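Residue numbers (our numbering): 5 to 185. To keep things clear, I will list the structure first and then write my remarks on it.
Written out as structure tokens, the structure is:
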């Protein structure tokens, strides 16, 4: 452990002196350690480890942006791990207090979603006939015949805006009628 920390400190000193290769070696060396630490921290907090990579990236970015604040006379590892701890805490705060339970274990005992109530085709057709002619024509053209708004506007000599208004009003009226027969 001590040898690794000394190596990291030496690499960071070289990086601060302008050695790009040393900086890349340092980042490659610390990344797996940071990833493992992030996973352990997430597990201790009862969180899934899937966010570990995001935390590692945040740590590496912070190291890059704040490297000028590192005291070259001090060991590198404590400075790095302080940043790592703070980024982990930040990530946990953003997530909030959540407990994750794998629902696959309970799939057979959980009720399924209630089926959505739908109106029969006959009921929709009957209610459609109660709408004003223009709304009925627009709904028929767009919803049943799958025509575009532009084609519907041309077909009925209307502006596209008027077609949208008629469509919206027709759908709203039809929805109200189907909900309150």
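Beta carbons are placed, not taken as given, at the ideal position from N, Cα and C, and that holds for glycine. Just so it is clear, the structure is predicted and the values come from calculations on it, not from any experiment.
Look up residue i in the DSSP assignment and say whether it is helix, strand or coil.
| i | result |
| --- | --- |
| residue 125 | helix |
| residue 134 | coil |
| residue 52 | coil |
| residue 12 | helix |
| residue 74 | coil |
| residue 23 | coil |
| residue 150 | coil |
Going by other Cβ atoms of all chains shown within 10 Å of its Cβ, with 16 needed for buried, is residue i buried or exposed?
| i | result |
| --- | --- |
| residue 87 | buried |
| residue 180 | exposed |
| residue 57 | exposed |
Specify, as a first and last residue, the run of the alpha helix (DSSP H) that residue i falls within.
| i | result |
| --- | --- |
| residue 172 | 164-183 |
| residue 157 | 153-159 |
| residue 81 | 80-99 |
At the level of alpha carbons, what is the spacing between residue i and residue j?
| i | j | result |
| --- | --- | --- |
| residue 127 | residue 184 | 12 Å |
| residue 100 | residue 94 | 10 Å |
| residue 27 | residue 153 | 59 Å |
| residue 24 | residue 46 | 32 Å |
| residue 163 | residue 143 | 15 Å |
| residue 31 | residue 39 | 12 Å |
(request) Decide if the region 170-182 is in contact with the region 135-150; the criterion is three or more beta carbon pairs, one per stretch, under 8 Å apart. (result) yes
(request) Evaluate the contact criterion for the region 13-31 versus the region 66-74: three or more CB pairs, one atom per stretch, below 8 Å. (result) yes
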